[in-house]
Amino acid sequence: MRRLGPLLLKKKRTVKSAPWWKRAAPEARSFEDVVDPVIEAASAEDRARLAAIWEKRAGLELHVASGFSSLLVELLEHGSTQMVYEICSQAVRDEVHHAQISAEMAAKYRGDAPQWPEPSVNHVPTFSPTKGAMHATLFVIAKCCINETVACGVLEAARAQAKSPLAKAALSTILSDEVEHARAGWAHLASAWVTPDMRRELPPWLHRLHSVKLRELVEEDGPLPGENYAIHGMLSRRKSREVVYATLVDVMFPGYRRAGIDTTLTEEWARGAFAQELAAAV
Ligand SMILES: [Fe+2]
Ligand SMILES: [Fe+2]
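Using the working numbering, the first residue of the sequence shown is number 153, and each one after it goes up by one.
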């Protein structure tokens with residue numbers, strides 16, 4: 153009992169696994185010691201731009217953590233499989249870790265200490281007029297089958313072109329978690345918690361969710377932030393569109409079809425939205 157007091161009042165967490173940046177710098181004793189030659193070689197202006205992108209990502213990752221918290225509540229209320237419960241509860245922790253990684257990347261570009269993003273409001277999508285199990289399933293599709301699966305394709309492409317060892321380590325660490333998060337969606341869709349009636353109702357929803365979630369990528373034309381920093385792991389709009397289209401065709405549509413969900417409407421939308429990519433692929 154006497155040892156419990158000091159243990160509970162310790163300011164630092166007991167960390168059981170190696171920190172993410174060890175992948176880039178196995179010899180470094182702390183994050184401050186990590187030296188990345190590609191980051192060092194960038195101009196002050198470029199470093200400030202890249203820091204701002206990672207800073208923004210830190211906030212987005214924290215937002216995804218709060219989204220997974222809400223999703224987990226719905227799944228626990230309406231039912232899913234053990235594997236989905238495990239992945240979605242772990243995902244809340246993983247996304248907090250992604251926020252930490254992003255804040256540390258921003259700090260490395262700025263050359264100072266990491267700053268945590270501000271807390272932000274969590275909006276649960278309404279998917280009106282659905283309720284209960286159908287709402288939970290649409291939430292899983294939006295978060296895991298779409299967001300997380302698209303993120304896997306994008307992160308993989310970003311990592312492939314990155315030359316900065318630290319950016320590569322950050323993208324690899326995040327990618328390995330996002331693969332798990334995406335799996336939760338496909339596992340839920342394959343489960344008996346999605347009834348035959350629900351599967352019949354899903355096709356127009358699939359179309360709506362994909363067109364809304366990918367609207368910005370598809371409809372806007374300008375360069376993505378960081379478009380010119382390929383060696384720092386930043387993708388251009390053109391490359392992103394190419395990767396997202398390939399992910400839709402090679403991974404997502406077959407995934408929905410395997411779950412017995414008709415993708416005709418969504419595939420028709422994709423052929424129009426990604427007409428250029430379709431033409432290039434033929
Ligand atoms: Fe994430
Ligand atoms: Fe994720």
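Note that the Cβ used here is the ideal one computed from N, Cα and C, for glycine as well.
Because the structure is a prediction, the values reported are computed rather than measured.
Taking 6 Å as the cut-off, the C-beta of Glu207 does not count as close to any heavy atom of ligand 1.
Sequence-distant partners of Tyr397 (beyond 5 residues in either direction) whose C-beta falls short of 8 Å from its own C-beta, in its chain, are Ala422, Phe426, Glu429, Leu430, Ala433. Taking a cut-off of 8 Å on C-beta distances, the region 379-389 does not touch the region 397-414, as fewer than three cross pairs fall below it. Around Thr415, the same chain offers Pro355, Leu358, Phe405, Tyr408, Arg409 as residues with beta carbons nearer than 8 Å, after the five sequence neighbours per side are excluded.
One residue list follows from the rule of a beta carbon closer than 6 Å to any heavy atom of ligand 2, given in chain order as Val216, Ala243, Glu247, Glu300, Asp329, Glu330, His333.
Burial is judged here by how many other beta carbons sit within 10 angstroms of a residue's own beta carbon; Trp268 has fewer than 16 and is exposed. Judged by beta-carbon spacing, Glu207 lies beyond the 7 Å limit of Ala251, meaning their Cβ atoms are not closer than that value. In this structure, Leu361 lies away from Ala285, with their beta-carbon atoms at least 7 Å apart. In terms of Cα proximity to Ser324, the closest of Gln313, Leu307, Arg165 is Leu307.
Ala312 counts as exposed, since fewer than 16 other C-beta atoms from the protein chains shown sit within 10 angstroms of its C-beta.
Distance from the Cα of Thr233 is smallest, within the candidate group Lys365, Ala255, Arg335, for Arg335. In the three-state reduction of the DSSP assignment, Thr282 falls in the coil class, being assigned neither a helical nor a strand state. Contact annotation, Ala321 with Arg175: C-beta distance approximately 4 Å; criterion of less than 8 Å satisfied. Residue state for Gln267 is assigned as coil, using DSSP reduced to three classes.
Look at Glu419: its beta carbon is at least 6 Å from all of the heavy atoms in ligand 1. Look at Tyr261 here: in three-state DSSP terms it is helix. Taking 6 Å as the cut-off, one finds no heavy atom of ligand 1 near enough to the beta carbon of Glu308. With distances taken between CA atoms, Phe279 lies nearest to Glu353 out of Lys164, Ile191, Glu353, Lys163.
Take the alpha-carbon of Asn380 and the one of Ala210: they are about 21 Å apart. Within 6 Å of the C-beta of His249 there is not a single heavy atom belonging to ligand 1. Set against 6 Å, the gap from the CB of Glu256 to the closest heavy atom of ligand 1 is not smaller.
Taking 6 Å as the cut-off, one finds no heavy atom of ligand 1 near enough to the beta carbon of Glu229. For the pair Cys296 and Gly231, the CB atoms are not nearer than the 7 Å cut-off. In this structure, Ala243 is the residue among Ala243, His384, Ile205, Arg262 with its C-alpha nearest to the C-alpha of Ser222. Residues of the same chain with a CB within less than 6 Å of the CB of Ala177, apart from the 5 flanking positions on each side, are Val186 in chain order. In this structure, Arg393 and Leu369 form a Cβ contact; the two beta carbons are roughly 6 Å apart against a cut-off of 8 Å.
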